[in-house]
Amino acid sequence: MSDRGDRPASGTTPAAHAAERKGPDRDAGVLVIGLGRFGSAIASTLDRLGQDVLAVEQDARLVAQWAGRLPLVEADASNPEALEQLGAKEFGVAVVGVGTSIEASVLIAGNLVDLGTPQIWAKAISAEHGRILTRIGAHHVVFPEADAGARVAHLVSGKLLDYIEVEDGFTIVKMRPPKELQGFTLAQSNVRQRYGVTIVGVKSPGVDFVYATPETRVSANDLLICSGHADLLERFAARP
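Last residue of the sequence shown: 865 (the working numbering), numbering continuous.
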């Protein structure tokens, strides 16, 4: 992690930034390429969390918009020489936030693969785009629009207050308790055996979140954090 007091100034040249990044303690940062909605959200959040982050953007308009707000380099990341000049190979993680141009996205990801970047996250705008990114070596491919749409569909179609699908159908949700649980302990309601879901924790109004135990008693105003397969959670949440 770098000293944020000496981070590169916004709009610095690739060569100058490469010079600043020399040294073994500068090899775990995050390189975010593309400052559209997706990339800028990632870069600004990482920066706020104190991560060593460098944003790369080719569009002069976006560079001007983010200048002074993020560590930023104006460069064309589809050019492998530009990536080498800004010291891209010294970053532990790279995020390809370019989505509007599939060609540019694929070129940038391929350049990062050639540089041996340990972790490459890439945004995809279609299944075909995602397959190409995976085949050329991107380690993680994300579909922000599709994932957000699926999540919202689960929220608007039932009683779920929040929904996170982890992997292979395993899901974590926030929900109100069905009436049959209200006033009973988890041991009495026997949720896991009856419905195949696990109540991980309970949040009561004005009280800190607590991890659930068999003795945890559920009230009508509580919020439940539950885990399990998406289908089972949907059926459980649909109960009156």
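Using N, Cα and C, we set each Cβ at its ideal position, and we do this for glycine too.
Note that the coordinates shown come from a computational prediction; the quantities given were computed from them, not determined experimentally.
*By Cβ distance, which residues of its chain are closer than 6 Å to A862, with the 5 residues on each side in sequence left out?*
G783, K784, L785 and M800
*In three-state terms, what does DSSP make of I789?*
strand
*To the nearest angstrom, report how far apart V718 and D677 are at their CA atoms.*
10 Å
*asked:* For the alpha helix (DSSP H) containing F861, name the first residue and the last one.
replied: A855 to A862
*What separation, rounded to the nearest whole angstrom, lies between the Cα atoms of A771 and V723?*
16 Å
*What residue does the alpha helix (DSSP H) around H754 start on, and which one ends it?*
A752 to I761
*Taking Cβ positions, are V832 and H854 nearer each other than 9 Å?*
no
*Close Cβ partners of N846 (< 8 Å) along its chain, the five nearest in sequence each way excluded*: S829 and P830
*Classify K828 as helix, strand or coil using the three-state DSSP reduction.*
strand
*asked:* Cutting at 6 Å between CB atoms, please list the residues of its own chain near D650, excluding the five before and the five after it.
replied: Because the pLDDT of D650 is 40, which lies under 50, any placement of that residue in the model is unreliable, and the number read from its coordinates should be weighed accordingly. Contacts found: none.
*Quick one, which of V835, F663 and I727 has its alpha-carbon nearest P769's?*
F663
*Can you tell me whether T796 is buried or exposed, with buried defined as 16 or more other CB within 10 angstroms of its CB?*
buried
_Spatial neighbours of L806 within its chain, please: C-beta separation below 6 Å, excluding the five flanking residues on both sides._
Cβ within range, chain order: S814 and V843.
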